[in-house]
Amino acid sequence: MRIGFVLGEMFAGLRRNLTMTLSVVLVTMVSLFFFGAGLLVQKQADILKGEWYDRVQVSIFMCGDESLAENCPGGAVTDAQRDALRTALTNDPLVDQVFYESKQDAFENFKETTSPTISDKVTPDQLPESFRVKLKEPSRYLELSAAYVDDPGVEEIPDQRAILQPLFTVLDTATRVSLGLAALMLLCSMMLVSTTIRLTAFSRRRETTIMRLVGASRALIQLPFVLEGVVASFVGGLLASGALWAMVNFGVSRLQSRPGFTTRLISTQDVLTETGPVIVVVGVVFAVIASLFSLRRWLKV
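Numbering (UniProt numbering), first residue to last: 1 to 301.
Spelled out as C-alpha cells, the structure:
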C-alpha cells in the first residue's frame, strides 16, 4: 500500500473540509471531556470510600440506666459484662484496636462537636458508654456486629458507614449524569464524523470512481477517509485530556494543598496515566466505527 499517497489524500481532505474538521474536533473534545470527568468522579468516589471506610470505627454502645433494649433487662451494663466484652474484643482476630469511652469521655467529645446551646442541656449520665473498635478489615463489619450485638450489656452496634452513604450517593449520581451526557455527546460526535466523512467521500466521488476502475483496493480507497476522522477525534481527545488536566491542576490540586486538608483527591497524574489515555483511545475507536459505517454506502467496491 502506498503510505505516501494515503497520507497525502488524508491531509488534502482535512484542508478541504477544515470547518467540518474543526467541528468534529470541538464536539469530540466536549463529549470526551464529560466522559473523562465521569471517570474521574468515579475514581474520587472509590478513593473516598477506601479512605473513609478505613477510618470509620465500629461503636458498641453499652446499656444505660434507661435503656429499653432486650439486652438490657437489668438496666445499666455491669462491670462483669463490660470486662467480659473488653476481653472478647481484645482477643478477637477481626479486631485491630479497642478503645473504651466512658460517659464522661463521650460528654467531652459531644461538647467539642456541638454548639454550647445544645451541649449545655446534656449531662454525662444521659450519654452511653461504649467501645470504639478498629477492625483489621473494615469490610468485615457485619461479622463483628453479628458476633456481639446480642451480648449481655450491649444496647446497639450502629453501622457508622451509613453516615457516609448520602455523600457517596451524590457522587454516584454525579458520575451517572456525567457519563450520560458523555454518551449523548459521543453519539453526536459519531454522527458528525459520519456526516463529515460522507460529505468528503461525495465531494471526491470522481477520484474514487477512477481508483476503482484502475483496480485500487477497498483499503486504499477507504483508509484516507478513515484517517481523517481518526485524526480529528485524536486531536479532540488530546484537547479533552488537556482540559481535564487543567481542571484538576488548578482546581482540585489547590484544594488538596490547603493546610489541614488530609483527604486524598485525584491528581494530575491520574489524568496523565489513566483517564487521558482512555478517552483518547475511546475517541479514536468511535471515529473508526463511525467512518467505516458511513463509507459502507458511499465507497462500495
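Every residue, glycine too, gets a C-beta built ideally from N, C-alpha and C. In this text, all values refer to a predicted model and were calculated from it rather than measured experimentally.
Minimum Cα-Cα distance from L238 among the listed residues L184, S194, V25 corresponds to V25. Collapsing the DSSP output to three states places D96 in a strand. Partner residues in the beta bridge of L135, as assigned by DSSP, are V95. Runs of the alpha helix (DSSP H) lying entirely within the UniProt domain "FtsX extracellular" (56-157) and spanning at least 4 residues, in chain order: 79-91, 103-113, 116-119, 141-148.
Of the other Cβ atoms in all chains shown, 16 or more fall within 10 Å of the Cβ of T21; this residue is therefore buried.
The segment 162-174 makes no contact with the segment 270-278: fewer than 3 CB pairs, one atom from each, lie closer than 8 Å. Counting only residues of its own chain and dropping the five nearest sequence neighbours on each side, F35 has a CB closer than 6 Å to the CB of A182, I279. When only Cα atoms are considered, I289 and V177 end up about 25 Å apart. In the displayed model, R258 falls within coil according to three-state DSSP, outside both helix and strand. Between the alpha carbons of K134 and A80 lies a gap of roughly 23 Å. Minimum Cα-Cα distance from V252 among the listed residues T19, Q44, L32 corresponds to Q44.
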